[in-house]
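Asker:
Residue numbers (the numbering used here): 690 to 957.
1. Compare the Cα-Cα distances from residue 744 to each of 730, 762, 727 and 895 and report the closest residue.
2. By how many angstroms is the C-alpha of residue 924 removed from the C-alpha of residue 814?
3. Which runs of the beta strand (DSSP E) fall wholly inside the stretch 808 to 854 and span at least 3 residues, in chain order?
4. Provide the residue span of the beta strand (DSSP E) that contains residue 703, from first to last.
5. Around the Cβ of residue 737, are there at least 16 other Cβ atoms within 10 angstroms (buried) or fewer (exposed)?
6. Look at the Cβ atom of residue 848, then the Cβ atom of residue 832, and state whether they are nearer than 8 Å.
7. Below 8 Å on the Cβ atoms is my guess for residue 716 versus residue 752; work out the distance and round it to an integer in Å.
8. For a quick check, are the C-beta atoms of residue 799 and residue 820 less than 8 Å apart?
9. Of the choices 795, 926 and 822, whose alpha-carbon is the least far from that of residue 808?
10. Can you give, in chain order, each stretch of the alpha helix (DSSP H) that sits fully within the stretch 712 to 753 and has at least 4 residues?
11. Taking residue 938 and residue 910 to be in contact with their CB atoms under 8 Å, please state how far apart those CB atoms are, rounded to whole angstroms.
12. On the CB-based measure, 16 or more other CB atoms within 10 Å of its CB, does residue 723 come out buried or exposed?
13. Beta-carbon of residue 724 versus every beta-carbon of chain D: anything under 8 Å?
14. Is the stretch 849 to 860 close to the stretch 941 to 951, with three or more CB pairs under 8 Å?
15. For the alpha helix (DSSP H) containing residue 783, list its first residue and its last residue.
16. Check for me: the beta strand (DSSP E) holding residue 932 runs from which residue to which?
17. Please say whether residue 928 and residue 922 have beta carbons closer to each other than 8 Å?
18. Indicate the three-state DSSP secondary structure (helix, strand or coil) for residue 798 in the structure shown.
19. Quick check: the Cα distance between residue 706 and residue 769, rounded to an integer number of angstroms?
20. Taking DSSP as the reference, what is the three-state secondary structure of residue 865?
21. Taking the Cβ atom as the reference point for each residue, do residue 746 and residue 712 lie within a distance shorter than 8 Å?
22. Since residue 953 sits in a beta bridge, which residues does DSSP pair it with?
23. Based on the DSSP output, what are the partners of residue 759 in its beta bridges?
24. Candidates 882, 867, 887 and 817: which alpha carbon is nearest residue 632's?
25. Would you kindly work out how many angstroms separate the C-alpha atoms of residue 777 and residue 842, rounded to a whole number?
26. Quick one: complete alpha helix (DSSP H) runs, 4+ long, within the stretch 898 to 923?
Dropping the structure here:
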């Protein structure tokens with residue numbers, strides 16, 4: 690963040706303004722009976738310092754003294770707080786919208802114990818990013834861990850170097866005929882492909898679901914298959930997809946768009 694943006698928020702860049710701001714907030718919260726000792730403890734200064742700040746705020750018209758130990762914030766003090774809050778809000782919006790969005794943080798699964806600040810090697814395992822303490826012999830892409838994590842826990846990683854090298858998965862499409870007036874429901878139960886050869890099995894359509902069950906497949910994906918199957922393949926997983934004839938083109942268009950390899954087996 691550049692210095693000129695900090696300078697427009699005096700309560701952050703100037704210690705004295707910061708203390709005035711905090712004291713005014715405490716007065717607004719507890720007025721009119723004010724305990725200077727409690728204010729001192731809450732903002733981390735001495736009671737003597739609070740007394741001096743209170744005198745300044747009273748002299749400047751931000752606070753009105755009602756009597757011994759009794760103060761209230763004036764309209765001028767309220768206006769000043771509102772202005773400072775608006776400046777702080779502008780700053781936080783800037784940080785959230787323009788600064789933090791430029792910090793590229795990814796989540797990974799820790800393959801072993803990782804400590805914050807360690808350089809880790811990243812790989813794609815089961816379709817998810819995995820981080821391990823860096824091994825130069827296996828390194829394709831490295832990053833820095835931003836927190837501690839034990840094996841199996843989530844760890845944030847930043848400062849990437851290199852390219853994540855892994856092979857995209859492919860899709861085997863088994864086309865299932867739809868039920869119609871001319872054709873009864875598909876009843877064939879023999880496995881065309883061994884589901885164990887694939888990372889995931891997906892179905893699209895009632896006919897495809899029943900066919901998968903009759904063939905003994907364990908189904909992983911039931912809905913949103915054009916997107917879900919494409920996403921899985923792009924993460925390196927091989928998918929067996931059973932889909933009705935009427936929905937097959939919608940899937941193929943998605944796979945072609947993502948440059949995913951596929952084969953089609955038609956069941957008659």
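Ideal Cβ placement from N, Cα and C applies to all residues, glycine included.
Answerer: With the structure as the only source:
1. Of the candidates 730, 762, 727 and 895, 762 places its Cα closest to the Cα of residue 744.
2. Cα to Cα, the separation comes out at about 9 Å.
3. Within the stretch 808 to 854, the complete beta strand (DSSP E) runs of at least 3 residues are 808 to 814, 817 to 822, 830 to 834 and 843 to 851.
4. Where residue 703 is concerned, there is no enclosing beta strand (DSSP E), given that its DSSP letter is neither H nor E.
5. Answer is exposed; the Cβ neighbour count stays below 16.
6. It is a contact, given that the beta carbons lie within the stated cut-off.
7. Yes, residue 716 and residue 752 are in contact; Cβ-Cβ is about 6 Å, under 8 Å.
8. Pairing residue 799 with residue 820 gives a Cβ-Cβ distance under 8 Å.
9. Checked all of 795, 926 and 822; the closest Cα to residue 808 is 822.
10. Fully enclosed alpha helix (DSSP H) runs of no fewer than 4 residues occupy 725 to 732 and 736 to 748 of the stretch 712 to 753, in order along the chain.
11. The pair is not a contact, with the Cβ atoms about 19 Å apart (cut-off 8 Å).
12. Label assigned to residue 723: buried.
13. No chain D appears in the structure shown, which is made up of a single protein chain.
14. Enough Cβ pairs lie closer than 8 Å, so yes.
15. Going by DSSP, residue 783 is part of the alpha helix (DSSP H) stretching over 764 to 783.
16. For residue 932, the enclosing beta strand (DSSP E) has its first and last residue at 928 to 933.
17. A distance below 8 Å separates the beta carbons of residue 922 and residue 928.
18. DSSP places residue 798 in strand when its eight states are reduced to three.
19. Taking the straight line joining both Cα atoms gives about 11 Å.
20. Assigned with DSSP and collapsed to three states, residue 865 falls in strand.
21. Residue 712 is positioned such that its CB atom lies closer than 8 Å to that of residue 746.
22. DSSP, once it has assigned bridges, lists 862 as partnering residue 953.
23. Residue 759 is bridged to 722 and 756.
24. In this structure the chain extends from 690 to 957, so residue 632 is not present and cannot be described.
25. So the two alpha carbons sit approximately 35 Å from each other.
26. Runs of the alpha helix (DSSP H) lying entirely within the stretch 898 to 923, each at least 4 residues long, are 914 to 923 in chain order.
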